[in-house]
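Asks: I have a structure here, written as structure tokens, and I will follow up with some questions on it.
Numbering (my numbering), first residue to last: 50 to 308.
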């Protein structure tokens, strides 16, 4: 209990800061675009008013939403991908919640990404980070800081697509294999998805999705403000909505940072 008392005191005093890692969620939220021959895209988010202190509800205001599970800052559960479809606890209503509150390792790739939007983080890159900051502990999250969230106000800049497809940073196959071998709970990025924009041409295609969910790990996409986190020492809170048989969920991702 002393650890919880210290945390409570830190939150009340401001010595522990709560950092918001989520993007605003609304009709203008950028959503993933896939080739029409490959998939049907998620429809735009809709927010519909039920009442606002009027004849439909004189004392209250509320809305109803139309929204995809993988919209905005969101959580990918194992059943999101075919490689994870058979896990009994692979949906958002059945996953072990202990894993969605955990330490987070932040690998800063912002300088590389500023020079090359197609930058790929490799296993060697992760190992170099570990040499400086210590090994990734089993059960922790690993996230890739790219400062890509600063593009989030413009769908065109955020998706960064041309005639050859989207161009955004992400992990290589051996990067994801390495963090899985380390026992990480999951992997997160600041981009529209957990994979690089050109990941469809990798082998296997979309390795973050393919390998993470095959190993019953989780994904986070469209994170923000990773530049406000230390390389190690923060706690990540990313609880998805308890959607029955859900493959994912928008999240208000938060981090606890000691100041």
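Beta carbons: idealized from backbone N, C-alpha and C, even for Gly. All values reported here derive from a predicted model rather than from experimental measurement.
1. I need the boundaries of the beta strand (DSSP E) containing residue 238, first residue and last residue.
2. Would you please state the rounded distance, in angstroms, between the beta carbons of residue 298 and residue 290? I believe it to be under 8 angstroms.
3. Looking at residue 231 and residue 187, is the spacing between their C-beta atoms short of 8 angstroms?
4. How about residue 150 and residue 192: are their beta carbons less than 8 angstroms apart?
5. Have a look at the DSSP bridge pairing and note the partners of residue 130.
6. Do you know how far the Cα of residue 126 is from the Cα of residue 161?
7. Quick one: complete beta strand (DSSP E) runs, 3+ long, within the stretch 166 to 229?
8. What did DSSP end up calling residue 274 once you bin it into helix, strand or coil?
9. When DSSP builds the beta bridges, which residues end up paired with residue 152?
10. Beta strand (DSSP E) containing residue 112: first to last residue?
11. Skipping 5 residues on each side, what residues in its chain have a beta carbon closer than 8 angstroms to that of residue 105?
12. Buried or exposed for residue 74, please, with buried defined as at least 16 other CB atoms from any protein chain shown within 10 angstroms of its CB.
13. Using 8 angstroms as the threshold, is the C-beta distance between residue 254 and residue 248 below it?
14. Have a look at residue 111 and residue 72 and give me their C-alpha separation to the nearest angstrom.
15. Keeping to the same chain, check which residues put their C-beta closer than 7 angstroms to that of residue 263; ignore five residues upstream and five downstream.
16. Count Cβ pairs between the stretch 219 to 236 and the stretch 196 to 208 that sit closer than 8 angstroms; are there 3 or more?
17. Is the beta carbon of residue 270 less than 8 angstroms from the beta carbon of residue 243?
18. Can you tell me which residues form a DSSP beta bridge with residue 268?
19. DSSP has residue 135 in a bridge; who is on the other side?
20. Over what stretch of residues does the alpha helix (DSSP H) that includes residue 256 continue unbroken?
21. Give me the DSSP bridge partner(s) of residue 66.
22. Measuring alpha carbon to alpha carbon, tell me which residue in 267, 62, 96, 308 is nearest residue 190.
23. Report the three-state DSSP secondary structure of residue 120 (helix, strand or coil).
24. May I ask you to list the residues that DSSP assigns as paired with residue 96?
Replies: In short:
1. 235 to 238
2. With 8 angstroms as the limit, residue 298 and residue 290 qualify as a contact, their Cβ atoms being about 4 angstroms apart.
3. yes
4. no
5. Paired residue(s): none; residue 130 is not in a bridge.
6. 29 angstroms
7. 190 to 194
8. coil
9. 284
10. Membership of residue 112 in the beta strand (DSSP E) is indicated by the continuous run 106 to 115.
11. 99
12. buried
13. Between residue 254 and residue 248, the C-beta gap is smaller than 8 angstroms, which places the two residues in contact.
14. 21 angstroms
15. Taken in chain order, the residues that qualify are 132, 133.
16. no
17. Contact flag set, yes.
18. 125, 236
19. Note: residue 135 sits in no beta bridge, so no partner.
20. 256 to 263
21. 306
22. Ranking 267, 62, 96, 308 by Cα distance to residue 190 puts 267 first.
23. In the three-state reduction of the DSSP assignment, residue 120 falls in the coil class.
24. 114
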